[in-house]
Amino acid sequence: MKSKRLYISALWLVEGNLKRSPEHYFHHLEPTLKMIRGGNLMFFYESEDILNRVSAVAKNYDINLLPFELKLEDHPDLERSKAMAQNSCEFRMDVFADAFPDLISNEKGFNQYFKFLNRGENVQAYSKQLVCTIGKYSLIQKSMEKYDFEELYWVDVSASRFNHARNNFDFCEIPIRKDAIHHYSSSQKIFGQTQKVQGSVLFGNRKAWESFAALYDETFRAYIDSGCTYPATDEPLMTLCHLKNPDLFERVDSEERTLLHKAVGKLLSPLRRSLLIAMNQY
Amino acid sequence: MSGLWIIPGNAKRSRQHYLDLLPTTFKALRGEHLVFFCESEDIKTVVLSLAQRYKVSLTIKHLPIQQHPDYALTRQMTENIRPENFKIWADAFKGSGTHEKALNQQRFLKNSRHDIYSTVVVCNLGKTSLVNEIALENKYEEYFWIDASASRLGISGKMDFRRWRLKPGAINHRKSGMKLFGNRQTAGGLVLGGEPQVWHKLHGIYQSLLKTYISTRCPHPATDEVLMTLIAAQHPELFHCKNPTRTWLHKVIGKIIWNLRLTSFINRALN
Chain A
1 MKSKRLYISA
11 LWLVEGNLKR
21 SPEHYFHHLE
31 PTLKMIRGGN
41 LMFFYESEDI
51 LNRVSAVAKN
61 YDINLLPFEL
71 KLEDHPDLER
81 SKAMAQNSCE
91 FRMDVFADAF
101 PDLISNEKGF
111 NQYFKFLNRG
121 ENVQAYSKQL
131 VCTIGKYSLI
141 QKSMEKYDFE
151 ELYWVDVSAS
161 RFNHARNNFD
171 FCEIPIRKDA
181 IHHYSSSQKI
191 FGQTQKVQGS
201 VLFGNRKAWE
211 SFAALYDETF
221 RAYIDSGCTY
231 PATDEPLMTL
241 CHLKNPDLFE
251 RVDSEERTLL
261 HKAVGKLLSP
271 LRRSLLIAMN
281 QY
Chain B
1001 MSGLWIIPGN
1011 AKRSRQHYLD
1021 LLPTTFKALR
1031 GEHLVFFCES
1041 EDIKTVVLSL
1051 AQRYKVSLTI
1061 KHLPIQQHPD
1071 YALTRQMTEN
1081 IRPENFKIWA
1091 DAFKGSGTHE
1101 KALNQQRFLK
1111 NSRHDIYSTV
1121 VVCNLGKTSL
1131 VNEIALENKY
1141 EEYFWIDASA
1151 SRLGISGKMD
1161 FRRWRLKPGA
1171 INHRKSGMKL
1181 FGNRQTAGGL
1191 VLGGEPQVWH
1201 KLHGIYQSLL
1211 KTYISTRCPH
1221 PATDEVLMTL
1231 IAAQHPELFH
1241 CKNPTRTWLH
1251 KVIGKIIWNL
1261 RLTSFINRAL
1271 N
């Protein structure tokens, strides 16, 4: 029987990428492809070297590789990424980063601005790096136009770095439960509020992706047009989409709240504030 | 010290808001010495009458807002505070983000002309300069800044600043409900008290930080509370909260929860 599921991934090595070295991606490539053993994989690439590496690993794991050459310069979202990166150069929160260094790892905008955009010094490379994350939805659309698979799974090349680090990490085993984009949770914050969506693995049926595509495109466009200086990637944009239409999203790594949790919660509810203060979370 | 300038077009507070709260604030100052900064004659009339009613020893200092010592710096600072910077997030987090300073300030920014916003900000941003100025001219042992609207949060019990025994070497303050990127601000700016040397020290650091804030063109709205939080990160000894929320009992319970590895369970139980 023909499989109804398509995995989609991509890899471009951007010179000047301050976020990850090429070795980081190569290190995680094999374990990631191992997870989708026997599946169909549409892979976007630019260099022959990358394609050769991916082909070799795919062959080992019996993956039906469907390569698609796409120069980063031809990526449909590159111009929008450049505009967003340019706006992000205005996020000059040096006084806050000096006072609260933890923000650089915890808060999305600080993380992007100080680590990867390098205070606006690295805007050229950052724009290209940004399109790799922010532009994955255009690639999913492209794959829907080219093939007629019913279930579409976006998988970052480095997705395996979360193996055993989050609940239900084996996304291949998670069935699509409803017409929604299925996703993992994120620990990073935006203005102190937890991001709703983590972008490494995202999956849903064709109907969900079609509904999502319009919302994402509108959100992406509005973000740039607003002149917002808060540095965003796909995850903040997904968070905005989630806030607009939560029914379109399904979290797959929720920690189960058992009867015991609920009973204890009921008992402790009058002490909620005091307990949060005690745990330093208030 | 206190002060009041009614800024036409202030999207944050109406004139009536201040006039409604002034009597209770003056009542709390009964029998005290007060220097009051203001510009308009009608405000002077109101505060003179309240001072008589509540036996406050009042000195009025005429200070047009454009002559405020921090007026020019505040205008420079607000040049970088544009409504569009974070509006999309303020709209998206409406409700859950109301305690986040940058998002909260959005509602004052979007309905105000830029020059109005800048003038409103100098009223709160500039209080340390005014206290410092008065502390240099006088020989009192303790100086308090009291917002004209300080009574909006209640002045009784532990929060009655007249009963505070000031911690030496620190600005004594109330807690703040607002946050900066999820971290609670150090101090609420309504009531601030300290010895003259502490005010001088704070003023020096504060002015230097404000200049750095401007030179780095920071797009985050700054107020007195924001700057004090940034200062407290480097100089925690300069601040002392009079209503600490985390007592030794909280700390002991927190330690027990942590040691028993119950943090995650309780978080899930409390949902």
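So the protein sequences, as listed, match chains A and B.
Quick note: the first sequence uses the working numbering, first residue 1, plus one each step.
Quick note: the second sequence uses the working numbering, first residue 1001, plus one each step.
All residues carry an ideal CB built from backbone N, CA and C; glycine is no exception.
Treat the numbers as computed from the prediction; the structure is a model and nothing was measured.
Check: Contact with chain B by A/VAL95, beta-carbon distance below 7 Å; Outcome: yes
Check: Beta-carbon proximity of A/ASN87 to A/ASN64, cut-off 7 Å; Outcome: no
Check: Residue from A/ASN280, A/SER160, A/LYS262 with nearest C-alpha to B/ILE1253; Outcome: A/ASN280
Check: Start-end ranges of the beta strand (DSSP E) lying completely within the region 39-74 of chain A, minimum 3 residues; Outcome: 40-45, 64-69
Check: Neighbour flag for B/ILE1257 against chain A, beta carbons, 7 Å; Outcome: yes
Check: Interface flag, A/PHE169 vs chain B, CB-CB below 7 Å; Outcome: no
Check: Heavy atom of the ligand COA within 6 Å of B/ASP1091 beta-carbon; Outcome: Absence of the ligand COA from the depicted structure is noted, as is the absence of any ligand whatsoever, leaving it without description.
Check: Closer than 7 Å to chain B by CB, A/MET1; Outcome: Legend: pLDDT at A/MET1 = 46, less than 50; position of this residue unreliable, value from coordinates given subsequently. It does not; no Cβ of chain B falls within 7 Å.
Check: Per-residue contacts from A/MET42 into chain B (C-beta, under 7 Å); Outcome: What A/MET42 touches in chain B: nothing, since even the nearest Cβ is about 32 Å away.
Check: Unbroken stretches of the beta strand (DSSP E), 3 residues or longer, contained in the region 1054-1095 of chain B; Outcome: 1057-1062
Check: Best match in A/PHE116, A/CYS132, A/LEU103 for proximity to A/GLU46 [C-alpha to C-alpha]; Outcome: A/CYS132
Check: Residue environment, A/LEU259, which counts as buried when at least 16 other CB atoms sit within 10 Å; Outcome: exposed
Check: 7 Å Cβ cutoff met for B/TRP1089 and B/GLU1039; Outcome: no
Check: Nearest to A/ALA125 (by Cα), restricted to the options A/ALA10, A/GLU151, A/LYS19, A/MET238; Outcome: A/LYS19
Check: Distance between B/ASP1091 and B/LEU1262 (C-alpha atoms, nearest Å); Outcome: 36 Å
Check: Cβ of A/HIS242 within 7 Å of any chain B Cβ; Outcome: no
Check: Rounded distance between the beta-carbons of A/PHE249 and A/ALA159, thought under 8 Å; Outcome: Not really, about 18 Å apart at Cβ, beyond 8 Å.
Check: Beta-bridge partners of B/SER1002, as assigned by DSSP; Outcome: B/PHE1036
Check: Simplified DSSP assignment, three categories, for A/VAL197; Outcome: coil
Check: Alpha-carbon spacing of B/GLU1041 relative to B/GLU1195, whole angstroms; Outcome: 32 Å
Check: Distance between beta carbons of A/LEU267 and A/LEU275, contact taken as under 8 Å; Outcome: 11 Å between Cβ atoms; not a contact.
Check: Interface residues of chain B facing A/THR229 [CB-CB closer than 7 Å]; Outcome: ASN1085, PRO1219
Check: CB of B/LYS1179 within 7 Å of CB of B/HIS1235, strictly; Outcome: no
Check: Test item: CB-CB of B/LYS1055 and B/ARG1030 under 7 Å; Outcome: yes
Check: Collapsed DSSP secondary structure at A/PHE169 in the structure displayed; Outcome: coil
Check: is_contact[B/ALA1092, chain A] using C-beta, thresh 7 Å; Outcome: yes
Check: Under 8 Å by beta carbon: chain A residues contacting B/TYR1213; Outcome: VAL95
Check: Euclidean distance between Cα positions of A/LEU130 and A/LYS82; Outcome: 8 Å
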